[in-house]
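**Q**
Protein chains: 2
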Amino acid sequence: MKALLLIAHGSRRTQSNDEVVVIAEKLKQRCDDQYDIVHSGFLELADTLIADGIKKCVDDGATEITVLPYFLNSGRHVTEDIPHDVNKTKAHYPEVKITIAPHLGSSDLMMDLLMTCASKA
Amino acid sequence: MKALLLIAHGSRRTQSNDEVVVIAEKLKQRCDDQYDIVHSGFLELADTLIADGIKKCVDDGATEITVLPYFLNSGRHVTEDIPHDVNKTKAHYPEVKITIAPHLGSSDLMMDLLMTCASKA
Numbered sequence: 001m002k003a004l005l006l007i008a009h010g011s012r013r014t015q016s017n018d019e020v021v022v023i024a025e026k027l028k029q030r031c032d033d034q035y036d037i038v039h040s041g042f043l044e045l046a047d048t049l050i051a052d053g054i055k056k057c058v059d060d061g062a063t064e065i066t067v068l069p070y071f072l073n074s075g076r077h078v079t080e081d082i083p084h085d086v087n088k089t090k091a092h093y094p095e096v097k098i099t100i101a102p103h104l105g106s107s108d109l110m111m112d113l114l115m116t117c118a119s120k121a
Numbered sequence: 001m002k003a004l005l006l007i008a009h010g011s012r013r014t015q016s017n018d019e020v021v022v023i024a025e026k027l028k029q030r031c032d033d034q035y036d037i038v039h040s041g042f043l044e045l046a047d048t049l050i051a052d053g054i055k056k057c058v059d060d061g062a063t064e065i066t067v068l069p070y071f072l073n074s075g076r077h078v079t080e081d082i083p084h085d086v087n088k089t090k091a092h093y094p095e096v097k098i099t100i101a102p103h104l105g106s107s108d109l110m111m112d113l114l115m116t117c118a119s120k121a
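Here the protein sequences line up with chains A and B, keeping their order. Residue numbers for the first sequence follow this note's numbering, so the first one is 1 and each next one is one higher. Residue numbers for the second sequence follow this note's numbering, so the first one is 1 and each next one is one higher.
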């Protein structure tokens with residue numbers, strides 16, 4: 001059972017966190033042929049932290065989890081904080097394969113996304 | 001003369017700001033049939049702020065500027081801070097048309113981008 005766990009920074013502003021949950025729901029509809037389970041979680045400032053998100057995936061039966069950082073740049077959060085929290089949680093689920101995907105800004109598709117948004121100004 | 005001004009949050013970490021400059025350069029190569037000028041700037045914590053970025057575009061001859069927020073969520077920075085700084089700067093260039101594009105998370109293409117990154121885990 002494959003799971004996708006979208007991890008955003010988290011905000012004190014509930015609406016921003018809700019947007020991430022909505023994006024995870026859209027993603028679930030979009031990728032149900034590739035991932036059986038999709039959840040979202042946050043690095044900080046929100047109820048569902050990385051450990052909670054991983055637990056949700058495992059509770060749903062995940063044997064493989066792809067952690068997908070919803071971050072634009074390769075700052076400390078992406079290079080250190082997310083790997084730290086993931087590795088710490090991994091120890092509790094030695095039977096589950098957990099990998100971390102690259103941040104969004106590293107993808108060539110970002111250019112298409114930027115051009116699409118620019119055309120909607 | 002049309003200009004595209006990519007605006008990121010800005011970071012104390014130089015490398016993060018440099019990534020934005022590189023993305024603006026890639027964007028320039030990608031969209032040179034649609035935009036004559038491409039620059040980047042930052043909301044805070046960097047040398048080139050929004051007013052500086054707009055000035056660069058105008059100095060290069062821009063008559064139309066599309067401000068493109070490099071932000072994932074519609075938080076306060078996108079809904080209030082960027083419009084505030086853009087409107088304040090607009091007053092200095094009444095002959096230039098300046099519009100603000102939607103934030104990245106609002107685009108349907110975000111799903112494609114997320115799926116591409118997930119596949120690279």
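Just so it is clear, CB atoms sit at the ideal spot from N, CA and C, and this is done for glycine as well. Bear in mind that the values here come from a model prediction, so they are computed numbers and not experimental data.
(1) In angstroms with no decimal places, state the Cα-to-Cα distance between residue 17 (chain B) and residue 71 (chain B).
(2) Can you tell me whether residue 97 (chain A) is helix, strand or coil according to DSSP?
(3) Determine the closest residue to residue 77 (chain B) out of B:50, B:12, B:97, B:91, with distance taken between C-alpha atoms.
(4) In angstroms with no decimal places, state the Cα-to-Cα distance between residue 15 (chain B) and residue 36 (chain A).
(5) Using a threshold of 8 Å, state whether the C-beta atoms of residue 115 (chain B) and residue 30 (chain A) are closer than that.
(6) Could you have a look at residue 109 (chain B) and say whether DSSP puts it in helix, strand or coil?
(7) Whole angstroms are fine: how far does the CA of residue 34 (chain A) sit from the CA of residue 52 (chain A)?
(8) Give me, in chain order, the residues of the same chain whose beta-carbon lies closer than 6 Å to that of residue 38 (chain B); leave out the 5 immediate sequence neighbours on both sides.
(9) Beta carbons nearer than 9 Å to chain A: which residues of the region 49-81 of chain B have them?
(10) Kindly confirm or deny that the region 90-109 of chain A and the region 99-119 of chain B touch, where touching means at least three C-beta pairs closer than 8 Å.
(11) Residue 86 (chain A) lies in the alpha helix (DSSP H); which residues open and close that run?
(12) For the region 16-31 of chain A, which residues have a CB atom closer than 8 Å to at least one CB atom of chain B, in sequence order?
**A** Taking the definition as stated:
(1) Spanning the two alpha carbons is a distance of roughly 13 Å.
(2) The three-state reading of DSSP puts residue 97 (chain A) in strand, counting E and B together.
(3) Measuring from the Cα of residue 77 (chain B), the nearest candidate turns out to be B:50.
(4) Rounded to whole angstroms, residue 15 (chain B) to residue 36 (chain A) spans 36 Å at the Cα level.
(5) Yes. Within cutoff.
(6) In this structure, DSSP gives residue 109 (chain B) a helical state, which the three-state scheme calls helix.
(7) Rounded to whole angstroms, residue 52 (chain A) to residue 34 (chain A) spans 22 Å at the Cα level.
(8) Here residue 38 (chain B) has 4, 24, 27, 28 as same chain residues with Cβ atoms under 6 Å from its own Cβ, once five neighbours each way along the sequence are excluded.
(9) So the close ones are 66, 67, 68, 69, 70, 71, 72, 73, 74, 75, 76.
(10) Touching, yes.
(11) Residue 86 (chain A) -> alpha helix (DSSP H) spans 82-90.
(12) Result list: 16, 19, 20, 23, 26, 27, 30, 31.
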